[in-house]
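Protein sequence lines correspond, in order, to chains E and R. Residue 17 in our numbering sits at position 17 of the first sequence, with consecutive numbering throughout. Take any residue in the second sequence, note its place counting from 1, add 1000, and you have its number in our numbering. Heads up, the beta-carbon is just placed ideally off N, CA and C, and yes, glycines get one too. Small disclaimer: the values here were computed from a predicted structure and weren't measured. Report on the following structure.
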Amino acid sequence: MKIKVAGVGLTKFGELWDKSLLDLAIEASIGAIKDSRIDKKAIDAIFVGNMLIGKIAGQDHLGPVVASSLGLSCASFRIEGACASGGLAVHLAIQGILAGTYKNVLVVGVEKMTDAPTGQITWALMGASSSKERKAGLTFPALYALITQAHMQKYGTTRKQLAAVSVKNHYHASLNKSAQYPFEITIEKVLNSNLISYPITLFDSSPITDGAAAVVLSSDTNSKGVYITGSATFSDTIDLAERDSLTEFKATKLACSEALSQAGVEIQDIRVAEVHDCFTIAEILAMEDLGFCPAGAGGKFVESRTTRLGGKCPVNTSGGLKACGHPVGATGVKQIIEITQQLKDSAGARQVKNANCGLTQNVGGTGATVVVHVLQN
Amino acid sequence: MSSPVTVWRNHKNLHLYLGKEGKVITWTKVFVAPSGFEHEAPYFVAIIKFNDGKKMPLQLVDCEEKNLKPNQKFITVVRKLGKVKLDEVIEYGIKAKPL
């Protein structure tokens, strides 16, 4: 499989009160189309990754909303897969190209979250959970707190190890001008911040963010550039309690195995990765489930600085969801952009040396949907 | 909160989950609660494994942190779910208390 990432476009992530969802989607889309040097009229289809706008602003039917604003009449789709909406949109766009239906596809992930009160956003996000979980008074921080407690109990993972994820990702974000929180923090800052759901604190959690990310994908395989060589998605039970294990995401393991197989590479070949650190425990699970370290060793692995810029395999060089921000529909597309920039040697101060193979992992809910992509130059 | 017909439908199945005994697998204390649960925060939620092997997320009632020790048994009970306005239907659901 070989799908070219022909162009990328990214807005600033943050509290962007002067911009609407459409402003953000169009800014990123135009950026990606310009970067691709492909004539706008050659775009065959648009895939829009978005989770929340129907619930918080009443705007559904987002495909044509974006297409018409770009002056295009091509096929257009809105893809929803909770926080994996962006990654799923990329995956489905790739299927459209592989099927021979489309040659050039625009994928734009977008979310406008800060227009709504926090309580409404929390309620809307819980649409990605089961009805039993909602009736139990759970939130996503609380669901990931249940996973955190299970991991601590089984493997002895510590709050300090969890905090190391946030500290690393804030350091990376301090080098990224698009990030929502481009500044460093300390372990103590994470440990002493307000508890959201024990043991998860505010600084263990990704924020509420506005932003958009877009890529133009192309069937062109005759030119130099960055290519997606593996793309896979798998599902798991929507209800966390129904899983055999609370300390792993089965869908991550399956999607990673399939994507690596498609690309013809091993996890040891990955030089840089963007993973779904919606809460600090999620990055530790990702390290284990993707195979960067054994089950239970994720806490020590993160503490070892292997995944910090300058380490053997830097993870979340964008700042991740924690510090770059998490506009949920955009996140999976932003991950593709970050790895593309790394493989093009254009990541500036956060450039990973000799990056030639990268991976993204985008999670919906508590691992009910996982999308993994492998990129190579 | 849920519509009256949804509440009516859900109430018909409550007996299926009543009086079941089990143990806590993992728990959390929710400080920032979702809409409708704010008045109860902070509160405990756990995944309970019942004697028949099935697992379920449940809010814990009549429970203190000292009850969350290994091998502590819990039993399911009926309680009001969240808070509703005066003109809304009260929804009841399953929670768990220490045995």
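Checklist entry - Which one of R:V1045, R:H1039 and R:T1006 has the shortest CA to CA distance from R1030 (chain R)? => result In the sequence under discussion, the amino acid at residue 1030 (chain R) is Val, which differs from the Arg named in the question. Ranking the options by Cα distance to V1030 (chain R), first place goes to R:V1045.
Next on the checklist: Taking 7 Å as the threshold (beta carbon to beta carbon), is T1026 (chain R) in contact with chain E?
Outcome noted: yes
Next on the checklist: Using 7 Å as the threshold, is the C-beta distance between S286 (chain E) and V275 (chain E) below it?
Outcome noted: In the sequence as presented, Ser is not what sits at residue 286 (chain E); that position holds Ala. It is a contact, given that the beta carbons lie within the stated cut-off.
Item to check | Within chain R, the residues that T139 (chain E) reaches when beta carbons sit closer than 8 Å | outcome: V1030, V1032, A1033 and P1034
Checklist entry - Would you say K189 (chain E) touches the ligand GDP, meaning its beta carbon is less than 6 Å from a heavy atom? => result Absent from the structure shown: the ligand GDP. Ligands present: none.
Next on the checklist: Using a Cβ-Cβ cutoff of less than 7 Å, which residues in the same chain neighbour S130 (chain E) once the five nearest sequence positions on both sides are dropped?
Outcome noted: I238 and D239
Item to check | Which residues DSSP lists as bridging K1055 (chain R), in chain order | outcome: R:K1049
Next on the checklist: Can you pull the chain E neighbours of E989 (chain R), defined as C-beta to C-beta under 9 Å?
Outcome noted: What the structure shows of chain R is the stretch from 1001 to 1099, and residue 989 (chain R) is not part of that stretch, so it cannot be assessed.
Checklist entry - If you draw a straight line from the C-alpha of I196 (chain E) to the C-alpha of I79 (chain E), how long is it? => result 30 Å
Next on the checklist: Using C-beta distances below 6 Å, list every residue in its chain close to K112 (chain E), excluding the 5 sequence neighbours before and after it, in chain order.
Outcome noted: L21 and D210
Next on the checklist: Is there a Cβ of chain R sitting closer than 7 Å to that of L359 (chain E), yes or no?
Outcome noted: no
Checklist entry - Which whole-angstrom value is the C-beta distance of L290 (chain E) and T252 (chain E), which I expect to be below 8 Å? => result 6 Å
Item to check | Cβ shell of G358 (chain E) (< 7 Å), same chain only, five flanking positions each side left out | outcome: I270, R271, V272, A273, I339, Q342, L343 and L375
Checklist entry - Are the beta-carbon atoms of A6 (chain E) and A173 (chain E) separated by less than 7 Å? => result no
Next on the checklist: Which complete beta strand (DSSP E) runs does the segment 208-275 of chain E hold, if anything under 3 residues is left out?
Outcome noted: 211-218, 227-235 and 272-274
Next on the checklist: Does the CB of Y155 (chain E) have a neighbour CB from chain R at under 7 Å?
Outcome noted: no
Checklist entry - With respect to the beta strand (DSSP E) encompassing R1079 (chain R), which residues constitute its N-terminal and C-terminal limits? => result K1073 to K1080
Checklist entry - Grouping DSSP H, G and I as helix and E and B as strand, with all else coil, what is K132 (chain E)? => result helix
Checklist entry - For T11 (chain E), which of E:I38, E:K4, E:S29 and E:K2 has the nearest alpha-carbon? => result E:S29
Checklist entry - Can you tell me whether D1052 (chain R) is buried or exposed, with buried defined as 16 or more other CB within 10 angstroms of its CB? => result exposed
Item to check | Three-state secondary structure (DSSP) of Y102 (chain E) | outcome: coil
Item to check | Contacts of L1081 (chain R) in chain E (Cβ-Cβ under 7 Å) | outcome: K135
Next on the checklist: Please classify S17 (chain E) as buried or exposed, where buried requires at least 16 other C-beta atoms within 10 Å of its C-beta.
Outcome noted: According to the sequence provided, residue 17 (chain E) is Trp. The question's Ser does not apply to it. Burial call: exposed.
Checklist entry - Going by alpha carbons, who is nearest to P294 (chain E) out of E:R308, E:H326, E:N316 and E:T247? => result E:T247
Item to check | Test item: CB-CB of T317 (chain E) and A263 (chain E) under 7 Å | outcome: no
Checklist entry - Comparing the C-beta of F1044 (chain R) with each C-beta of chain E, is any distance below 7 Å? => result no
Checklist entry - Along chain E, in chain order, which residues have C-beta atoms closer than 7 Å to that of L1058 (chain R)? => result A136
Checklist entry - Taking the C-alpha atoms as reference points, what is the distance between N222 (chain E) and A45 (chain E)? => result 21 Å
Next on the checklist: Using beta carbons (cut-off 7 Å, strictly below), is Y198 (chain E) in contact with chain R?
Outcome noted: yes
Next on the checklist: Am I right that L92 (chain E) and T369 (chain E) are in contact with their C-beta atoms under 8 Å? What's the rounded C-beta distance?
Outcome noted: Not confirmed; about 12 Å, so no contact.
Checklist entry - If K1020 (chain R) and F1050 (chain R) are in contact, beta carbons under 8 Å, what's the gap, nearest whole angstrom? => result 5 Å
Checklist entry - Are the segment 31-41 of chain E and the segment 121-137 of chain E touching by the rule of at least three beta carbon pairs closer than 8 Å? => result no
Checklist entry - Since V66 (chain E) contacts A25 (chain E) with CB under 8 Å, what's their CB separation in whole angstroms? => result 5 Å
Checklist entry - Comparing the C-beta of G1093 (chain R) with each C-beta of chain E, is any distance below 7 Å? => result yes
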